[in-house]
Amino acid sequence: MKGSVPTLERDALESLERRVTRALASPDEPGPEVLGYGEISCVLALRFDDGGGVACKRLPPFPSLGSFEAYRSCFEAQLEAFEVHDIPVLATELHRVGDSGSGLIAYCVQPLVDRSALAPTRLAREPGTHTIETVLDLALAYVGPTRGFDAQLSNWARVDEDLLYLDVSTPFLRDDEGRERLDVDIFLASLPWALRGFVKRLMLRGILDLYYSRRGVVLDVLGNLIKEGLGERLPEYVPVAARRLDEPVSVGEVRRHYAGDARTWRLLQRLRHLDRAWQRHVRRRPYPFLLPGPVQRHV
Ligand SMILES: Nc1ncnc2c1ncn2[C@@H]1O[C@H](COP(=O)(O)OP(=O)(O)O)[C@@H](O)[C@H]1O
Ligand SMILES: [Mg+2]
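Set out below in structure tokens:
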């Protein structure tokens, strides 16, 4: 891992979590500063008086200490796999903050990266194919049947001229029988209860398979450029990517892939928002997850 996570003052994460809990209980209460939303987690800023700070990724609540320990071992196994395969990773620590009413809460804590250093911002200002080639080469050297990888540009940052991977909170690892090592139920908990079984049986395998295949990873990285507003670069990037695959990809295929992917995530997102409204206004209980507002998609 590159860099180091600044030492946190005692109770710093507990007090961040209290602010999150308050914001979840009363939606009008301003919550902590949000650095970014991925499809899964929500990344919060914890700023220090001296101008420094850390990025804190709130994991979904764990139902028991055992399930948290199982997550920890999966998280560590992934960091080890990254190390073995030379994926440069931004320093990350896993911290448990204690028990909320709805389960055990933990955060992945990292140095706070300036927005201008995040890869999508960098790429928008930088001509050429260097960054995308680096991302593809790192990803393709890593990915395999037991090692999945979400190489989207939004998961990388340039820190002191190194391109570092930062999205380490959802380990994509499978055992030799092809079973996910992560307990996916914990990460599916933010979906409406009635839909979880459906998503798990019919959609999840397909969504996850993408990250375990070379072609899937390439389609995903390129498709996400459209989301980042960089779709006009595809004619330049697609040939660069195609050279690295046995069965090349085309701009049309990337666009079709992205359209399907965006539909899936939009649907899941909408369902979560509906469920939140139901929980708050009909069941009259706090909704336990921080959800993104409308996700910015350029198409
Ligand atoms: N260490 C960090 N410093 C600043 N911003 C960050 C940091 N980590 C993540 N972010 C922002 O939050 C977004 C989501 O984080 P990520 O780890 O990719 O979560 P997810 O698993 O939900 O995709 C990133 O794309 C980025 O914009
Ligand atoms: Mg991400």
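Each number in our numbering comes from the position in the sequence shown (counting from 1) with 963 added on. Heads up, the beta-carbon is just placed ideally off N, CA and C, and yes, glycines get one too.
If contacts are defined as beta-carbon pairs under 8 angstroms, then residue i and residue j qualify, I think. What distance do you get, rounded to the angstrom?
i	j	result
leucine 1103	tryptophan 1119	Not a contact, Cβ separation roughly 15 angstroms.
proline 1249	proline 1024	Not really, about 12 angstroms apart at Cβ, beyond 8 angstroms.
alanine 1054	glycine 1111	That belief does not hold up - the Cβ atoms of alanine 1054 and glycine 1111 are roughly 22 angstroms apart, past 8 angstroms.
leucine 1022	serine 1132	6 angstroms
valine 1017	leucine 1099	Not a contact, Cβ separation roughly 30 angstroms.
threonine 1092	tyrosine 1200	6 angstroms
valine 1217	glycine 1192	Not really, about 15 angstroms apart at Cβ, beyond 8 angstroms.
Measuring straight from C-alpha to C-alpha, what distance separates residue i and residue j?
i	j	result
valine 1214	glycine 1179	14 angstroms
arginine 1159	glycine 1029	22 angstroms
arginine 1233	alanine 1152	15 angstroms
histidine 1058	alanine 1222	37 angstroms
threonine 1097	glutamate 1039	24 angstroms
serine 1117	leucine 1081	7 angstroms
alanine 1033	proline 1051	24 angstroms
alanine 987	proline 995	Checking the sequence shown, residue 987 turns out to be leucine, not alanine. The straight-line gap from Cα to Cα measures roughly 11 angstroms.
threonine 1109	glycine 1141	7 angstroms
threonine 1094	histidine 1048	19 angstroms
leucine 1173	aspartate 1183	8 angstroms
leucine 1075	glycine 1015	8 angstroms
aspartate 1077	phenylalanine 1031	30 angstroms
arginine 1085	glutamine 1115	14 angstroms
cysteine 1005	lysine 1020	6 angstroms
leucine 1171	arginine 1243	31 angstroms
arginine 1196	alanine 1044	31 angstroms
proline 990	threonine 984	10 angstroms
In three-state DSSP terms, what is residue i?
i	result
alanine 1225	helix
leucine 1007	strand
glutamine 1232	helix
glycine 1014	coil
isoleucine 1264	Since the first residue shown for the chain is 964 and the last is 1262, residue 1264 is missing from the structure and cannot be characterised.
arginine 912	Examination of residue 912 is not possible in this model, given that the chain is present from 964 through 1262 alone.
leucine 1254	coil
glutamine 1073	strand
phenylalanine 1025	strand
arginine 1218	helix
Under a Cβ-count criterion, where at least 16 other Cβ atoms within 10 Å of its own Cβ denotes burial, should residue i be classed as buried or exposed?
i	result
proline 1134	buried
arginine 1239	buried
leucine 1237	exposed
arginine 1206	exposed
glutamate 1056	exposed
aspartate 1138	exposed
serine 1036	exposed
arginine 973	exposed
alanine 1087	exposed
aspartate 1113	buried
glycine 1061	exposed
glutamate 1046	exposed
How do the segment 967 to 986 and the segment 999 to 1013 stand: do at least 3 beta-carbon pairs fall below 8 angstroms, yes or no?
-> Between the segment 967 to 986 and the segment 999 to 1013 there are three or more inter-stretch CB-CB distances shorter than 8 angstroms, so the stretches are counted as touching.
Count the CB pairs spanning the segment 1131 to 1149 and the segment 1157 to 1175 that are closer than 8 angstroms, and state whether there are at least three.
-> With a cut-off of 8 angstroms, the segment 1157 to 1175 and the segment 1131 to 1149 count as touching, because enough Cβ pairs lie within range.
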